[in-house]
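Protein chains in written order, with my numbering: chain A, 2 to 272; chain B, 616 to 887.
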């Protein structure tokens with residue numbers, strides 16, 4: 002226990018001398034890095050606009066309220082598209098994620114040194130790139146529209162679903178697998194009767210969880226032209242139709258809250 | 616006796632796999648509804664197949680571009696964009712984490728009184744409900760183009776994420792330790808410092824590392840709406856069909872995210 006000597010009396014300290022020095026040094030480096038970053042941001046900022054910001058914010062608020070409620074009649078199709086992008090994207094992602102997950106899990110992969118790294122690479126690369134970037138890319142390749150959105154969401158979700166799924170596969174109870182193997186089952190039968198029933202609840206949970214996230218993400222995919230309600234948002238923003246923007250934001254907020262509620266209910270029922 | 620009867624019913628018949636959903640009517644309604652939805656969805660999606668077919672050639676070019684990424688031609692733009700993304704990530708993570716700690720304390724029912732709890736939970740709910748990109752659009756409209764809007768967006772998003780998870784950890788902490796500190800006559804700050812903080816520190820560090828990772832990934836798209844970072848460069852290179860440059864940027868993003876994940880793995884293993 003580190004103690005300091007003060008007039009012959011021992012006083013408790015949290016850290017020893019060397020520890021507190023290292024701690025202090027770490028903080029110093031941290032603060033220096035932050036100060037440098039802040040200076041960089043500050044240099045790239047027009048501070049006049051920032052001083053003006055409260056007035057601008059008030060101005061936008063006064064333009065955006067009240068929302069243009071009658072515009073909601075035109076939002077039916079975009080909302081349906083958004084729902085389709087999220088749902089079909091999730092379905093495609095799940096179909097593709099299952100084999101990737103089985104190839105990536107340590108206990109089911111056919112080859113630990115060749116195939117597992119490839120599967121992990123697929124997981125990392127699809128996960129680390131945002132769905133908006135995938136959408137941008139797909140629009141350049143297959144043209145704007147709902148289809149590009151579906152594929153973008155699907156690709157982005159593969160990594161997420163496969164990662165959670167392979168972690169679930171690695172945590173299964175080996176005893177059940179062994180019991181099925183002992184009955185003389187083939188490799189595929191072991192999978193179907195020993196592994197799949199164990200990961201099915203996790204799989205359903207992951208599916209609903211990702212669907213919820215995908216609803217969120219598909220609401221903004223339209224900003225780059227990939228269909229859905231974001232398309233309306235971006236066209237309203239472009240013509241500065243703030244009452245429409247505020248209505249769309251309310252609709253998106255409601256959609257997000259509903260999808261979160263649904264996903265919480267379903268996950269609660271499964272687990 | 617009922618178990619025996621069930622056994623009698625089963626005896627002599629082949630074993631069948633139990634269904635995932637036990638109630639038959641619910642199972643069939645779900646399956647039917649699901650297929651009805653699929654048909655409806657496919658009928659309403661318009662796919663221009665000839666356009667898709669034409670695009671396959673470009674898709675092949677893009678995938679080939681990954682074998683020869685071009686870091687050199689636009690190295691200046693890539694470097695500035697990347698630096699801006701990293702700077703935004705660091706600054707926003709620091710500020711976001713610093714703000715989210717008091718909010719997390721306020722949102723933990725065993726630390727904060729009810730009025731404070733309600734306010735902090737409301738802040739978290741608002742921050743979680745709004746997506747980064749929408750917040751960024753509004754902040755760009757208010758503060759003008761540049762990394763300041765991106766920095767504010769990421770800080771705001773960090774607050775919702777970190778406060779919520781940290782508050783849950785504080786709520787599930789061991790009360791005995793905190794009470795022991797309080798019994799020694801500690802003031803409120805000392806109580807937090809010696810009773811609560813040591814218990815939640817590993818989780819706080821793990822979550823912070825995870826959030827830095829997310830912030831970097833998000834900072835890559837904020838440029839699309841003018842909030843600074845590498846996104847603007849990436850968008851330009853897609854628009855100009857400069858796939859080799861785009862591939863270079865994507866590879867950089869993937870590389871940095873992988874490095875961050877590896878680093879956070881090491882740090883989390885050390886603190887736990």
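Idealized CB from N, CA, C, for every residue including glycine.
Starting from the Cα of residue 222 (chain A), find the closest Cα among A:171, A:246, A:149 and give me that residue. If you number the first chain from 1, residue 222 (chain A) lands on position 221. Ranking the options by Cα distance to residue 222 (chain A), first place goes to A:149.
If we call anything under 8 Å between Cβ atoms a contact, is residue 270 (chain A) one with residue 95 (chain A)? Numbered from its first residue, the first chain carries residue 270 (chain A) at position 269. Numbered from its first residue, the first chain carries residue 95 (chain A) at position 94. No, these two residues do not count as a Cβ contact at 8 Å.
Taking 8 Å as the threshold, find out whether the stretch 238-247 of chain A comes into contact with the stretch 111-126 of chain A through three or more Cβ pairs. Too few Cβ pairs lie closer than 8 Å, so no.
State the CB to CB distance for the pair residue 140 (chain A) and residue 229 (chain A), rounded to an integer number of angstroms; the pair is presumed to be in contact (CB under 8 Å). Taking the first residue of the first chain as 1, we reach residue 140 (chain A) at position 139. Taking the first residue of the first chain as 1, we reach residue 229 (chain A) at position 228. Contact between residue 140 (chain A) and residue 229 (chain A) does not hold, since the beta-carbon distance rounds to 13 Å and is not under 8 Å.
Contacting positions in the stretch 179-210 of chain A - beta carbon closer than 7 Å to chain B: Under the 7 Å Cβ criterion, the stretch 179-210 of chain A contributes 201.
Ignoring anything shorter than 4 residues or poking outside the stretch 181-239 of chain A, list the alpha helix (DSSP H) runs there in chain order. 188-191, 197-222, 230-239
When burial is assigned at 16 or more other CB atoms within 10 Å of the CB, is residue 71 (chain A) buried or exposed? Working through the first chain from its first residue, we reach residue 71 (chain A) at position 70. In this structure residue 71 (chain A) is exposed. Its beta-carbon is surrounded by fewer than 16 other beta-carbon atoms within 10 angstroms.
With C-beta atoms as the reference, is residue 171 (chain A) less than 8 Å away from residue 106 (chain A)? Along the first chain, read from residue 1 onward, the residue named residue 171 (chain A) stands at position 170. Along the first chain, read from residue 1 onward, the residue named residue 106 (chain A) stands at position 105. Result yes, Cβ atoms of residue 171 (chain A) and residue 106 (chain A) sit closer than 8 Å.
Buried or exposed (CB count within 10 angstroms, at least 16 for buried), residue 715 (chain B): Residue numbering aside, residue 715 (chain B) sits at position 100 when the second chain is read from its first letter. Per the 10 Å Cβ criterion, buried.
Near residue 798 (chain B), what residues of its chain come up, given a Cβ to Cβ distance below 7 Å and the 5 sequence neighbours on each side ignored? As a working note, residue 798 (chain B) is residue 183 in the second chain. Counting only Cβ-Cβ distances below 7 Å, and skipping sequence neighbours, we find nothing.
Terminal residues of the alpha helix (DSSP H) in which residue 718 (chain B) lies: Translated into the one-based positions of the second chain, residue 718 (chain B) becomes position 103. It spans 690-721 - the alpha helix (DSSP H) in which residue 718 (chain B) sits, taken as one unbroken run.
Just verifying my parser: in three-state terms, what is the DSSP assignment at residue 632 (chain B)? Translated into positions along the second chain, residue 632 (chain B) becomes position 17. If DSSP states are grouped into helix, strand and coil, residue 632 (chain B) belongs with coil.
Looking only at its chain, what residues have a beta carbon closer than 7 Å to the beta carbon of residue 88 (chain A), apart from the 5 residues adjacent to it on each side? As a first step, residue 88 (chain A) must be located in the first chain, where it is residue number 87. Counting only Cβ-Cβ distances below 7 Å, and skipping sequence neighbours, we find 212.
Do residue 119 (chain A) and residue 159 (chain A) have their CB atoms nearer than 8 Å? Mapped onto the first chain, residue 119 (chain A) falls at position 118. Mapped onto the first chain, residue 159 (chain A) falls at position 158. Cβ distance not < 8 Å, so residue 119 (chain A) and residue 159 (chain A) don't count as in contact.
9 Å Cβ cut-off: residues of chain A touching residue 856 (chain B): Reading the second chain from its first residue, position 241 is the one you call residue 856 (chain B). Simply 141.
Neighbour flag for residue 830 (chain B) against chain A, beta carbons, 8 Å: Locating residue 830 (chain B) in the second chain gives position 215, counting from the first residue. False, the Cβ-Cβ gap to chain A never drops below 8 Å.
Can you give me the Cβ contacts of residue 68 (chain A) inside the same chain, cut-off strictly under 7 Å, excluding the 5 residues immediately before and after it? The residue given as residue 68 (chain A) occupies position 67 in the first chain. Correct list, in chain order: 244, 247, 248, 251.
Pairwise C-alpha distance: residue 854 (chain B) and residue 860 (chain B): What you label residue 860 (chain B) is simply residue 245 of the second chain in a count that begins at 1. What you label residue 854 (chain B) is simply residue 239 of the second chain in a count that begins at 1. So the two alpha carbons sit approximately 11 Å from each other.
With 8 Å as the threshold, decide whether the Cβ of residue 820 (chain B) is near any Cβ in chain A. Mapped onto the second chain, residue 820 (chain B) falls at position 205. Output row for residue 820 (chain B): interface = no.
Excluding sequence positions up to five away, which residues of its chain have a Cβ less than 6 Å from the Cβ of residue 863 (chain B)? Translated into the one-based positions of the second chain, residue 863 (chain B) becomes position 248. Closer than 6 Å at Cβ, skipping near neighbours: 684, 685, 686.
Residue 101 (chain A) - DSSP class collapsed to helix/strand/coil: For the purposes of this step, residue 101 (chain A) is taken as the residue at position 100 of the first chain. In this structure, residue 101 (chain A) counts as helix in the three-state DSSP scheme.
Burial state of residue 649 (chain B), where buried means 16 or more other Cβ atoms lie within 10 Å: Against the second chain, residue 649 (chain B) aligns to sequence position 34. Result: exposed.
Put residue 662 (chain B) into one of helix, strand or coil per three-state DSSP. Position 47 of the second chain holds residue 662 (chain B). If DSSP states are grouped into helix, strand and coil, residue 662 (chain B) belongs with coil.
Any idea what DSSP makes of residue 616 (chain B), helix, strand or coil? Taking the second chain and counting its residues from 1, the one referred to as residue 616 (chain B) is at position 1. Legend: pLDDT at residue 616 (chain B) = 48, less than 50; position of this residue unreliable, value from coordinates given subsequently. Coil.
Nearest to residue 142 (chain A) (by Cα), restricted to the options B:625, B:672, B:647: The count along the first chain starts at 1 and reaches residue 142 (chain A) at position 141. Of B:625, B:672, B:647, the residue nearest in Cα terms is B:672.
Quick check: what's the CA-CA separation for residue 132 (chain A) versus residue 16 (chain A)? Taking the first chain and counting its residues from 1, one reaches residue 132 (chain A) at position 131. Taking the first chain and counting its residues from 1, one reaches residue 16 (chain A) at position 15. Each residue's alpha carbon lies about 46 Å from the other.
If you reduce the DSSP assignment to three classes, tell me which class residue 286 (chain A) lands in. The requested residue 286 (chain A) is not part of the displayed model; chain A covers only 2 to 272.
Rounded C-beta distance between residue 77 (chain A) and residue 663 (chain B)? I'm assuming under 8 Å. Along the first chain, read from residue 1 onward, the residue named residue 77 (chain A) stands at position 76. Along the second chain, read from residue 1 onward, the residue named residue 663 (chain B) stands at position 48. In fact, because the Cβ distance is near 23 Å, the residues do not count as touching under 8 Å.
Considering only residues of the same chain and omitting the five flanking positions on each side of residue 156 (chain A), which have a CB-CB separation below 6 Å? The sequence position of residue 156 (chain A) within the first chain is 155, counting from 1. 127, 135, listed in sequence order.
Alpha helix (DSSP H) segment containing residue 139 (chain A), residue limits: The residue you call residue 139 (chain A) lines up with position 138 of the first chain. Residue 139 (chain A) -> alpha helix (DSSP H) spans 132-143.
Would you mind reading off the limits of the alpha helix (DSSP H) that contains residue 22 (chain A)? Here residue 22 (chain A) corresponds to residue number 21 of the first chain, with the count starting at 1. Start and end: 18-44.
So with Cβ pairs under 8 Å, would you call residue 263 (chain A) a contact of chain B? Within the first chain, residue 263 (chain A) is the residue found at index 262, counting from 1. False, the Cβ-Cβ gap to chain B never drops below 8 Å.
Is there a C-beta anywhere in chain B that falls below 8 Å from the one on residue 52 (chain A)? Working through the first chain from its first residue, we reach residue 52 (chain A) at position 51. Closer than 8 Å: no.
Between residue 175 (chain A) and the rest of its own chain, which residues show a CB-CB distance below 8 Å, the 5 nearest in sequence each way excluded? Against the first chain, residue 175 (chain A) aligns to sequence position 174. Taken in chain order, the residues that qualify are 108.
Out of B:748, B:721, B:747, B:726, state which residue places its alpha-carbon closest to the alpha-carbon of residue 737 (chain B). Counting from one through the second chain, the residue named residue 737 (chain B) turns up at place 122. That would be B:721, whose Cα lies nearest to the Cα of residue 737 (chain B).
Rounded to whole angstroms, what is the Cα-Cα separation between residue 153 (chain A) and residue 161 (chain A)? Along the first chain, one-based indexing puts residue 153 (chain A) at 152. Along the first chain, one-based indexing puts residue 161 (chain A) at 160. So the two alpha carbons sit approximately 13 Å from each other.
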